[in-house]
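Structure first, then comments.
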Amino acid sequence: MTPEEVRLASDPAETAMVHSVGGAPAVIGTVIHGDRRGRELGFPTANLALADGDRIEDGVWAADVYVGNTRHIAAASVGRRPTFYDADGVRLLEPFLLDFDGDLYGKTIVVHLRERIRPQRRFESLVALIQQMRRDVEEVRRWAQTARSLPLRSRATLPAGTR
Ligand SMILES: Cc1cc2nc3c(=O)[nH]c(=O)nc-3n(C[C@H](O)[C@H](O)[C@H](O)COP(=O)(O)O)c2cc1C
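For what it's worth, full-length UniProt numbering labels the leading residue of the sequence shown as 1, then goes sequentially.
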């Protein structure tokens, strides 16, 4: 955990706010620095500190991330990164934005967790974690091609049977 993560996780005012939007968790918060390992692994993430007891299920999710008015598709990890930390790790929400290259540090973003695709796991090697993250991204890309990924309001206007 970085000193900033420790500070943020121990200050409830600094953790992200969670709402339910269309029955799926939507998290709004300010992006903090992680361990900067994500960039080395090829999967830089925009990290938000989560409070314990927010009822979001740990795991990897297909997500929409709103930066200003722009919607990005993301593969988002929720949990304590068991590959690197024991149960004392801070709970983070870490979306990896597909097809995005920019620094979101300090920006306020909205992360709408749309579908959970798997639990968090502890990997025996970095290579195994990277391979799994590649598969996660492919799965999220496939999800993005389906009607299930449409923003919830437009989905309601689709003809019955295609929702
Ligand atoms: C799509 C995705 C899936 C992930 N799955 C796991 C996981 O199953 N287990 C785990 O320990 N960490 C997982 N992570 C978190 C990574 O370990 C973390 O993003 C990486 O170590 C970089 O951390 P940093 O942002 O602090 O630099 C996942 C991250 C992403 C983006």
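All C-beta atoms in this analysis are idealised placements derived from N, C-alpha and C, irrespective of residue type, glycine included. From a predicted model like this one, the values you see are computed outputs, not experimental measurements.
Following the continuous alpha helix (DSSP H) through residue i, name the residue where it begins and the one where it ends.
| i | result |
| --- | --- |
| Leu41 | 37 to 41 |
| Leu129 | 126 to 144 |
Mind checking who residue i pairs with in its DSSP beta bridge?
| i | result |
| --- | --- |
| Pro25 | Ser20 |
| Asp64 | Ile73, His112 |
| Leu48 | Leu93 |
| Val78 | Gly59, Leu93 |
| Arg148 | Answer is none; Arg148 lacks a bridge partner. |
| Arg118 | Val60 |
Express the C-alpha separation of residue j and residue i in angstroms, rounding to a whole number.
| i | j | result |
| --- | --- | --- |
| residue 211 | Ser20 | The question about residue 211 has no answer here: the residues shown for the chain are numbered 1 through 163. |
| Glu139 | Ile117 | 8 Å |
| Leu113 | Ala62 | 6 Å |
| Leu104 | Asp35 | 15 Å |
| Met17 | Gly102 | 23 Å |
Say yes only if the C-beta of residue i is nearer than 7 Å to one or more non-hydrogen atoms of ligand 1, and no if none qualify.
| i | result |
| --- | --- |
| Asn69 | no |
| Leu41 | yes |
| Val65 | no |
| Phe96 | yes |
| Leu93 | no |
| Ser149 | no |
| Leu50 | no |
Please report the residue range of the beta strand (DSSP E) in which residue i lies.
| i | result |
| --- | --- |
| Leu92 | 92 to 97 |
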